[in-house]
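Structure first, then comments.
Residue numbers (our numbering): 14 to 130.
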């Protein structure tokens, strides 16, 4: 049996908000990316582009935030298991970093393609 409580929308929402608060408080990369999203959101709203292009800009930037959240979860899980250097722990953390890197690359290419077109 899994150690998982019965689904409760209110409790699950509060867990998610606790996670976001913790990310904002403790993860500098997430704070920087969140700041960028606050700056870029008005640009998405006010630029003269099709709705499809605006959605692509929004989705690709949201992907960066999601990738950073996944990376933070991987890093915290690895740190929970061991704080000592281990080759497999490094590999897991490197994969998390790769997720963020690829999402930033996709976001940058999308933004440049749309805005310079």
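Glycine included, C-beta positions come from ideal geometry on N, C-alpha and C.
Rounded to the nearest angstrom, the Cβ distance from residue 69 to residue 123 is 6 Å, consistent with a contact under 8 Å. Taking C-alpha positions only, residue 21 is separated from residue 28 by approximately 11 Å.
Under the DSSP assignment, residue 100 falls in the alpha helix (DSSP H) whose first and last residues are 100-129. Between residue 40 and residue 85, the beta carbon gap of about 5 Å places them in contact (Cβ cut-off 8 Å). In the DSSP assignment, residue 90 falls within the unbroken alpha helix (DSSP H) covering 64-94.
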